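K.L.:
Add 6 to the 1-based position in the sequence shown for this note's numbering, that's all there is to it.
Idealized CB from N, CA, C, for every residue including glycine.
From a predicted model like this one, the values you see are computed outputs, not experimental measurements.
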Amino acid sequence: MKIKRFVGDSFPDVLRQAKEQMGNDAVILHSRKYKEGGLFGLFGRQKFEITVAMDENGRSGIKHLATPASDYMEMDTSQLAVPYTNEILQEIKQMKDMVEELRERIDDENPRDIIGQNGRLLLKHLVSRHVDEKLANRIVKTVEERAEAGQVHDYAYIKKLCVQVMAELIKAPRDIELKKGKSRVVALIGPTGVGKTTTIAKLAAKFSLIQKKKIGLITLDTYRIAAVEQLKVYADIMGLPLQVVYKPGDLKPAIERFSNQDLVFIDTAGRSPRNDEQMAELVTLLREAEPDEVILVLSATTKSDDLLDTFKRFDIMKIDKIIFTKLDETNCYGSILNTVHSTNKRLSYVTNGQNVPDDIKLLDDIQLAQMIMGDDPGL
Ligand SMILES: Nc1nc2c(ncn2[C@@H]2O[C@H](COP(=O)(O)OP(=O)(O)OP(=O)(O)O)[C@@H](O)[C@H]2O)c(=O)[nH]1
Ligand SMILES: [Mg+2]
7 MKIKRFVGDS
17 FPDVLRQAKE
27 QMGNDAVILH
37 SRKYKEGGLF
47 GLFGRQKFEI
57 TVAMDENGRS
67 GIKHLATPAS
77 DYMEMDTSQL
87 AVPYTNEILQ
97 EIKQMKDMVE
107 ELRERIDDEN
117 PRDIIGQNGR
127 LLLKHLVSRH
137 VDEKLANRIV
147 KTVEERAEAG
157 QVHDYAYIKK
167 LCVQVMAELI
177 KAPRDIELKK
187 GKSRVVALIG
197 PTGVGKTTTI
207 AKLAAKFSLI
217 QKKKIGLITL
227 DTYRIAAVEQ
237 LKVYADIMGL
247 PLQVVYKPGD
257 LKPAIERFSN
267 QDLVFIDTAG
277 RSPRNDEQMA
287 ELVTLLREAE
297 PDEVILVLSA
307 TTKSDDLLDT
317 FKRFDIMKID
327 KIIFTKLDET
337 NCYGSILNTV
347 HSTNKRLSYV
357 TNGQNVPDDI
367 KLLDDIQLAQ
377 MIMGDDPGL
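1) Which same chain residues end up closer than 6 Å to A275 when comparing Cβ atoms and leaving out the 5 residues on each side of it in sequence?
2) Just verifying my parser: in three-state terms, what is the DSSP assignment at A72?
3) By the 10 Å Cβ neighbour count, where 16 or more other Cβ atoms means buried, how is G47 classified, buried or exposed?
4) Any idea which residues DSSP pairs I328 with across the strands?
5) Going by the CB atoms, is the gap between I221 and Q157 shorter than 8 Å?
6) Round the Cβ separation of K324 and I301 to the nearest angstrom and send it over; I've been treating them as touching at under 8 Å.
7) Grab me the residues of T73's own chain with a C-beta within less than 6 Å of its C-beta, minus the 5 sequence neighbours each way, in chain order.
8) Going along the chain, which residues put their C-beta within less than 7 Å of some heavy atom in ligand 2?
9) My output table needs one value for F264: the three-state DSSP class, helix, strand or coil.
10) Which of the three DSSP states, helix, strand or coil, is assigned to K218?
11) Which runs of the beta strand (DSSP E) at least 3 residues long sit entirely within the segment 226 to 282? Give them in chain order.
12) For L257 and E294, which I take to be in contact (beta-carbon distance under 8 Å), what is that distance rounded to the nearest angstrom?
13) Report back the beta-carbon spacing between P247 and D371 to the nearest angstrom; my notes put them in contact at under 8 Å.
14) From V169 to L314, what does the alpha carbon distance come to, in whole angstroms?
15) Can you check which of these residues, P197, A155, S310, A142, is closest to L175 by C-alpha distance?
16) State yes or no: is the C-beta of E296 nearer than 7 Å to some heavy atom of ligand 1?
17) Look at the alpha carbon of E151 and the alpha carbon of L127, and state the distance between them as a whole number of angstroms.
18) By the DSSP assignment, the beta strand (DSSP E) with Y40 in it spans what residues?
19) Near D13, what residues of its chain come up, given a Cβ to Cβ distance below 8 Å and the 5 sequence neighbours on each side ignored?
20) Between the Cα of F317 and the Cα atoms of H347, V192, E97, which residue gives the shortest distance?
21) Rounded to the nearest angstrom, what separates A241 and K219 at their Cα positions?
22) May I ask whether a heavy atom of ligand 1 can be found less than 7 Å away from the beta carbon of T198?
23) Thinking C-beta only, is K208 closer than 8 Å to V3?
24) Ligand 1 heavy atoms versus the CB of T308: any closer than 7 Å?
25) Report the three-state DSSP secondary structure of K392 (helix, strand or coil).
26) CB Y339 to CB I366, shorter than 8 Å?
27) Identify the continuous beta strand (DSSP E) that holds T57 and give its terminal residues.
28) Give me the Cβ distance between V250 and V234, rounded to the nearest whole Å; I'm assuming they're in contact under 8 Å.
29) Any chance the CB of Q284 is under 7 Å from a heavy atom of ligand 1?
30) Could you check what DSSP says for R135 in three-state terms: helix, strand or coil?
31) Taking 7 Å as the cut-off, is the C-beta of N281 nearer than that to any heavy atom in ligand 1?
32) Would you tell me roughly how many angstroms separate the C-alpha atoms of Q360 and F330, rounded to the nearest one?
33) Exposed or buried, P197, counting other C-beta atoms within 10 Å across all chains shown (16 or more means buried)?
34) Between L292 and T345, which are expected to be in contact by the criterion C-beta below 8 Å, what is the C-beta distance as a whole number of angstroms?
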């Protein structure tokens, strides 16, 4: 018995290697997927491994795994009107072999069927990455239409096409806009605990320390004592001015006082989108603030249906962009694509950890699509 391990970038790739070196009769003993390398353990490269055995006498093998005729003999035929004779079993076996041979020939000669196979593989993969099944079907269809006939057998090529198609759906994420000589007011809204305050601290650090912009911070979150304290700690560390607003009437004057800052971030209290009273209060505050940008903060760990529901409820505040947080807490980013697709909103930053200010990034559409695909976006 010869046993060998094969490693590659895709399952078809390792299977091909195994077939080439061990022949069609080899038997797969074990298979697994694992991540290699990566950043923050997040963008590791997906690897596939199979362990294959080959009986050197050529007796065990894939062909022998097909049900042998003798198994049919063991069926309980007492209930059947027509008894299974050896002759019939022989014919069934011949027909099975013919179908198998035909299937192999079609696979070799008909590239469209190969794309069909690769398409099915791709669909399964996208759904496993939490891409909505309907959307995944549409993506696969577009990939199939665009695939060059000569390359359809190449799954790596099909995956690359898929990344392009998904990137077009995601569209290029947008940075926070700055206007020369004008103060810009940006409010972050969203459900409780998604990371609004932490994200403001990261953004404030990026714009003040790296881009040398003048930043002002305003918090409307006075519901919890700890909430003001949380932003105050960051403001003190970065040496940024912070104003705490307790009632709607004080908001406009606070923004006025920051009219010389390049960028003013407004932190809001996390609201349950299902609590109408809380939502109405937030709407009143935002009307008062008239922010230049309203950014909805969502967690990548939330289910697609809930993300969409949350978006709809917060959209009375006219959402401009979406920030996704906690990318480090999940492996499947299909929900990001689903949300962007069904809301038709632009993404902005993504965050991938609790560290202020490091764990925030403005990825491009291709990098996001690669992440959704489960590939290393090369960061
Ligand atoms: N793993 C991970 N944790 C994060 C990320 N962003 C924020 N957090 C953590 O999530 C928790 C909540 O963060 P906050 O910034 O207080 O969230 P919030 O949306 O302001 O919460 P409320 O004001 O209570 O609604 C904290 O423990 C943060 O450190 C992230 O990208 N990844
Ligand atoms: Mg907060």
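P.N.:
Taking the coordinates as given:
1) As a working mapping, residue 275 is identified with position 269 in the sequence shown. D227, Y229.
2) Numbered from its first residue, the sequence shown carries residue 72 at position 66. Here the model assigns A72 a pLDDT of 32, short of 50, so the residue's position is not dependable, and the following value carries that caveat. In the structure shown, the three-state DSSP call for A72 is coil.
3) Mapped onto the sequence shown, residue 47 falls at position 41. Because G47 sits at a pLDDT of 48, beneath the cut-off of 50, its placement in the model cannot be relied upon, and the following sentence gives the value as read from the coordinates. By the neighbour-count rule (16 or more Cβ atoms within 10 Å), G47 is not buried but exposed.
4) Mapped onto the sequence shown, residue 328 falls at position 322. Listed as beta-bridge partners of I328 by DSSP are L302, L353.
5) By 1-based counting over the sequence shown, the position of residue 157 is 151. By 1-based counting over the sequence shown, the position of residue 221 is 215. For Q157 and I221, no; Cβs fall outside 8 Å.
6) As a first step, residue 324 is located in the sequence shown; it is residue number 318 there, counting from the start. As a first step, residue 301 is located in the sequence shown; it is residue number 295 there, counting from the start. At roughly 11 Å, the Cβ-Cβ gap does not stay under 8 Å, so K324 and I301 are not in contact.
7) Taking the first residue of the sequence shown as position 1, residue 73 is located at position 67. With a pLDDT of 32 at T73, under the threshold of 50, the modelled position of this residue cannot be trusted; read the value that follows with caution. Correct list: empty, nothing qualifies.
8) Having a Cβ closer than 7 Å to some heavy atom of ligand 2 are K202, T203, D227, A233, Q236, D273, A275, G276.
9) The count along the sequence shown starts at 1 and reaches residue 264 at position 258. Secondary structure of F264 (DSSP, three-state): coil.
10) Indexing the sequence shown from 1 puts residue 218 at position 212. Three-state DSSP puts K218 in coil, outside helix and strand.
11) As far as the segment 226 to 282 is concerned, its whole beta strand (DSSP E) runs of at least 3 residues are 248 to 250, 269 to 273.
12) The sequence position of residue 257 within the sequence shown is 251, counting from 1. The sequence position of residue 294 within the sequence shown is 288, counting from 1. Going by Cβ atoms, the distance from L257 to E294 rounds to 5 Å, so yes, they are a contact pair.
13) Taking the sequence shown and counting its residues from 1, one reaches residue 247 at position 241. Taking the sequence shown and counting its residues from 1, one reaches residue 371 at position 365. Their Cβ separation, rounded to whole angstroms, is 35 Å, which puts P247 and D371 out of contact at 8 Å.
14) On the sequence shown, residue 169 is found 163 positions in, with the first residue counted as 1. On the sequence shown, residue 314 is found 308 positions in, with the first residue counted as 1. Between V169 and L314, the alpha-carbon positions lie close to 23 Å from each other.
15) Your numbering for residue 175 matches position 169 in the sequence shown. Looking at the Cα atoms, A142 is the closest of the given residues.
16) The sequence position of residue 296 within the sequence shown is 290, counting from 1. Not so, every heavy atom of ligand 1 lies at least 7 Å from the Cβ.
17) One-based indexing of the sequence shown puts residue 151 at position 145. One-based indexing of the sequence shown puts residue 127 at position 121. Approximately 16 Å, taken between the alpha carbons.
18) By 1-based counting over the sequence shown, the position of residue 40 is 34. Boundaries of the beta strand (DSSP E) around Y40: 33 to 42.
19) Numbered from its first residue, the sequence shown carries residue 13 at position 7. In the sequence as presented, Asp is not what sits at residue 13; that position holds Val. In the same chain as V13, and ignoring 5 residues on each side of it, the C-beta atoms closer than 8 Å to its own belong to V20, K53, F54, E55, in chain order.
20) Here residue 317 is taken as the residue at index 311 of the sequence shown, counted from 1. That would be H347, whose Cα lies nearest to the Cα of F317.
21) Numbered from 1 along the sequence shown, position 235 holds the residue referred to as residue 241. Numbered from 1 along the sequence shown, position 213 holds the residue referred to as residue 219. The alpha-carbon atoms of A241 and K219 are separated by roughly 14 Å.
22) Start at 1 with the first residue of the sequence shown, and residue 198 comes out as number 192. A distance criterion of 7 Å places the beta-carbon of T198 in contact range of ligand 1, judged by its closest non-hydrogen atom.
23) Any question about residue 3 goes unanswered here, given that the chain covers just 7 to 385.
24) Sequence index remark: in the sequence shown, residue 308 carries index 302 (1-based). Flag unset: Cβ of T308 not near ligand 1.
25) In the structure as shown, the chain begins at 7 and stops at 385. Residue 392 is therefore absent and cannot be evaluated.
26) As a working note, residue 339 is residue 333 in the sequence shown. As a working note, residue 366 is residue 360 in the sequence shown. With respect to the 8 Å criterion, Y339 and I366 are not classified as neighbours on the basis of their beta carbons.
27) The residue you call residue 57 lines up with position 51 of the sequence shown. For T57, the enclosing beta strand (DSSP E) has its first and last residue at 51 to 60.
28) Stepping through the sequence shown from its first residue, residue 250 is reached at position 244. Stepping through the sequence shown from its first residue, residue 234 is reached at position 228. Contact flag correct, Cβ pair sits at about 5 Å.
29) The residue given as residue 284 occupies position 278 in the sequence shown. Answer for Q284: no, Cβ out of range of ligand 1.
30) Stepping through the sequence shown from its first residue, residue 135 is reached at position 129. Per DSSP, reduced to three states, the secondary structure at R135 is coil, with no helix or strand assignment.
31) By one-based count along the sequence shown, residue 281 stands at place 275. Not so, every heavy atom of ligand 1 lies at least 7 Å from the Cβ.
32) Within the sequence shown, numbered from 1, the residue matching residue 360 stands at position 354. Within the sequence shown, numbered from 1, the residue matching residue 330 stands at position 324. Roughly 13 Å separates the two Cα atoms.
33) Numbered from 1 along the sequence shown, position 191 holds the residue referred to as residue 197. Flag for P197 reads buried.
34) To locate residue 292, count along the sequence shown from 1; it is residue 286. To locate residue 345, count along the sequence shown from 1; it is residue 339. Rounded, the Cβ-Cβ distance is 21 Å, inconsistent with contact.
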